[in-house]
Amino acid sequence: MHQQERRNDMTTRSTIDRPAAKQSGRDLIITRVFNAPRELVWKAWTEPGLFRRWWGPKAFTTPVSMIDLSIGGSYLYCMRSPEGKDYWGTGVYREIVPNQRIVVTDSFADEKGNVVPASHYGMPGKWPL
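Going by our numbering, the sequence shown opens with residue 694, and the numbers climb by one from there.
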């Protein structure tokens, strides 16, 4: 079975949420509401095997997902396009409230987890916005 066929669309709504207490001026805060049990959504974000099943745009796969779910811990994932191009991302866990909240940083990366500029993947202009 292809990964795309296994993906579940649990999203019912996405919105930009309230400002964070300590905003840097470059923060993007997104709140998502999922049509799924809270425990399943938590596992989908925190268990590498489940994360790989749904992460990324449609038709992409996620062949790599490593998660160190701890404050200061990091994650690393690879999204693969239908053409076979890999896009890596990484981040650091800043806040974890089990079954309630995850706050992370997120950056483009290389396969070793080093942060790289968006231009590494051919994106024009300055990033982030």
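For glycine and all other residues, C-beta sits at the position ideal for the given N, C-alpha and C.
Asked	Found
Boundaries of the alpha helix (DSSP H) in which Phe727 is found, first to last residue	Note, Phe727: premise wrong, no alpha helix (DSSP H); beta strand (DSSP E) at Ile723 to Phe727.
Neighbour-count burial assignment, Ala802, 16 or more Cβ in a 10 Å radius	buried
Beta-carbon proximity of Pro849 to Ile723, cut-off 8 angstroms	Given that the chain is displayed from residue 694 to residue 822, the structure contains no residue 849 and the question cannot be resolved.
CA nearest to the CA of Asp753, picked from Val808, Tyr780, Pro810 and Pro791	The question names Asp, yet the displayed sequence has Phe at residue 753. Among Val808, Tyr780, Pro810 and Pro791, the Cα nearest to that of Phe753 belongs to Tyr780.
Residue environment, Leu783, which counts as buried when at least 16 other CB atoms sit within 10 Å	Here the sequence assigns Thr to residue 783, which means Leu is not the residue at that position. By the neighbour-count rule (16 or more Cβ atoms within 10 Å), Thr783 is buried.
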